[in-house]
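Here's the structure, in structure tokens; my notes come after.
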Amino acid sequence: MPAHLSVGDGAFTINAQTRIVAEGNARGLGMRLREYLGATGYKLPIATQPHGNAITIRFAKELAQLGEEGYTLTVNPKGVTIAASAPAGAFYGIQTLRQLLPTSIFQSRAKGIAWQIPSVRIEDHPRFSWRGMHLDVCRHFFPKSFIYKYLDLMALHKFNTFHFHLTEDQGWRIEIKKYPKLTDVGAWRKDKDSGATYGGFYTQQDIKDIVAYAANRHITVVPEIEMPGHSQAAIASYPELGNTGKQLPVLALWGVSQDVFNVEDSTIRFLQDVLTEIMRLFPGRFIHIGGDEVPKDQWHNSPRAQERMNALGLKNEDELQSWFIRQMDEFLASRNRRLIGWDEILEGGLAPGAAVMSWRGSAGGYAAAKAGHDVVMAPNTHTYFDYYQSRDRSHEPKAIGGYLPLETVYAFEPVPAGLSAAEAAHILGAQGQLWTEYIAAPEHLEYMAYPRACALAEVVWSPKNEDFADFSRRLQVHLKRLKDLDVNFRPLGGAESKIADGAKAGEPRHSLHELGG
Ligand code: ACM
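Residue numbers in the sequence shown follow the numbering used here, run continuously in steps of one, and reach 1082 at the last position.
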């Protein structure tokens, strides 16, 4: 739902004579639009001069007050104009145009359709600058082709941030040239029961392809390299990174490993080397360093960690974690990047420039914003799309737990209550989480993500709207689009699931996600 919409009389009809007018550096956007209009069967010429019967994309400096992502879209029977001060805004105008066409525009080819666009005047801009979707490719691996589909769906919903969760206890999924064992060893685990090997990883070329594909859709990729916990796959690859020196396997159970990185200088250097390669691959400002769910027992019991703690004058293991994160923050900040981590990084003190991702409800986000940190809201209460979508679990594929129906997602208010306007300005936005312990296949992932991601898309883009019935009506139409895009969304009201259980790595020892929920 755009911020401002008024409906006029009549409609514009795309026909064989229609042109796309895109001057100068709008040409790439014109080509993208032509591709999106493929179902019409017209290969619309791209012109640079004004033309009647045209869809015009133009840049207009005077629209700068709508921000780089804002745009206007004007449709009347004579033509269509998308105007924006920057390419991102024009791109979102194009996404809105797709929504105004008959839903068959989302098919690869549709015959006998009058390609009418109703006369409207839209002025639109997003409520939040961080509109994200997360994906855990560690518990289960997803091929590059599916990542592309995920990004295409994000773009349609005007999401602009892809949080790529790349390392875990159960698998390391990104090639690091300096440390090849991270993927030679760390990308593969042995199933406890069958003994079968499960895994996969992205080469640096794959990552470059994904980052470029995302950039072409105005999506920034935020990589997450977990530390100091959720790191057993790395420790299995290089045992000297751990606290026990033991050769560990890549974890083949869900839950949280007790084995965490040690606090040696060599380990800090190792991780900074990894981040150096990460920064070369990911041009975005934010680098996610995890920081969640770090059991401190090994540090408590390790004479070397205790020695380190005392030498640094730290009172406890929370402060030691804080020190660890600070090593990364200083390293990233000196290279003009910003650290972001899960809300546990607040414990024991946080460097001023670091940003916080609030997952254990909204309390971390509230505290971080109060303390002047930028915040991304990712509370399990409203954005954990690995939770059940129905109270009746018998008709749903096995999930990690919880209960997060569409209505609750739609009711989500990203700005925690009780913040001043200045504090609320630290809330950059919000994102949906797809943890994949129980999600092994793309069609299952789509079932968990959609349509909850549609509700979140509106929460982070549109002015606040509490009318769930209105959203549901509009969603009925939108689901036709998702069907044409071959998305295995969960039907409204639910349905018998034909999705096989995704849990292959063994039963959970425990689930902090569920405890947190
Ligand atoms: C998390 O769910 N452990 C961030």
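Where a beta carbon is used, it is the ideal one built from N, C-alpha and C, also for glycine.
DSSP bridge partner residues for residue i (one or two, in chain order)
i: N641; result: G644
i: Q996; result: G697
i: S923; result: M942
i: V776; result: Per DSSP, none; premise fails for V776.
i: G906; result: V921
i: A649; result: F624
i: Y949; result: Q998
i: A612; result: V586
i: A619; result: R584 and G644
i: Y607; result: Per DSSP, none; premise fails for Y607.
i: Y636; result: D689
Cβ neighbour criterion (16 or more within 10 Å) applied to residue i
i: S927; result: buried
i: E733; result: buried
i: M1013; result: buried
i: T762; result: exposed
i: Y953; result: buried
i: D1051; result: exposed
i: V1042; result: exposed
i: V941; result: buried
i: T637; result: buried
i: I585; result: buried
i: G736; result: buried
i: K723; result: buried
i: P788; result: buried
i: E1072; result: Here the model assigns E1072 a pLDDT of 44, short of 50, so the residue's position is not dependable, and the following value carries that caveat. Label assigned to E1072: exposed.
i: S1076; result: Confidence is the limiting factor: at S1076 the pLDDT is only 41, short of 50, which leaves the residue's position unreliable, though a coordinate-based value still follows. Under this definition S1076 is a buried residue.
i: E978; result: exposed
i: G575; result: exposed
i: G1058; result: exposed
i: R597; result: buried
i: R1074; result: Model confidence at R1074 stands at a pLDDT of 37, short of 50, so the residue's coordinates are unreliable and nothing is read from them.
i: H1078; result: Residue placement at H1078 is flagged as unreliable, the pLDDT there being 42, under the threshold of 50; a coordinate-derived value is accordingly withheld.
i: D689; result: buried
i: A569; result: Contrary to the premise, residue 569 reads as His rather than Ala in this sequence. Counting Cβ neighbours within 10 Å, H569 comes out exposed, since fewer than 16 surround it.
i: G794; result: buried
i: H705; result: buried
i: T1001; result: buried
i: G589; result: exposed
i: N580; result: exposed
i: Y968; result: exposed
i: Q614; result: exposed
Near the ligand ACM: residue i beta-carbon under 7 Å from a heavy atom
i: D857; result: yes
i: W924; result: yes
i: W819; result: no
i: W737; result: no
i: W907; result: yes
Run of the beta strand (DSSP E) containing residue i, from where it starts to where it stops
i: T578; result: H569 to T578
i: Y1003; result: No beta strand (DSSP E) holds Y1003; DSSP gives it neither H nor E.
i: V821; result: It is not in any beta strand (DSSP E) - V821 carries neither H nor E in the DSSP assignment.
i: I682; result: Q681 to D689
i: A587; result: R584 to A587
i: G855; result: F851 to G855
N- and C-terminal bounds of the alpha helix (DSSP H) containing residue i
i: G654; result: P652 to L665
i: W695; result: Here W695 belongs to no alpha helix (DSSP H); instead the beta strand (DSSP E) covers W695 to D701.
i: R958; result: That residue, R958, is in no alpha helix (DSSP H); it is neither H nor E in DSSP.
i: D830; result: D830 to L846
i: T973; result: L971 to Y975
i: K1048; result: F1033 to D1049
i: M566; result: Neither: M566 is in no alpha helix (DSSP H) and is coded neither H nor E.
i: L885; result: E882 to A898
i: G930; result: A928 to K935
i: E1090; result: The displayed coordinates of the chain run from 566 to 1082. Any statement about residue 1090 would go beyond what the structure contains.
i: G593; result: R592 to Y601
i: R704; result: Taken as a continuous stretch (DSSP letters only), R704 belongs to no alpha helix (DSSP H), as it is neither H nor E.
i: E1023; result: R1017 to W1026
i: N901; result: Counting along the chain, N901 falls outside any alpha helix (DSSP H), and DSSP gives it neither H nor E.
i: E872; result: P868 to A876
i: E988; result: A986 to A989
Residue-chain proximity (residue i, chain D), Cβ-Cβ < 8 Å
i: W680; result: As a matter of chain content, chain D is missing from the structure shown, which is built from one protein chain.
### Uninterrupted alpha helix (DSSP H) stretches inside the segment 710-750 (no shorter than 4 residues)
Within the segment 710-750, the complete alpha helix (DSSP H) segments of 4 residues or longer fall at 746-749, listed in chain order.
#### Entry: Residue ranges of each beta strand (DSSP E) within the segment 752-815, 3 or longer
At a cut-off of 3 residues, the continuous stretches assigned as beta strand (DSSP E) that sit fully inside the segment 752-815 are 753-755, 762-764 and 785-792.
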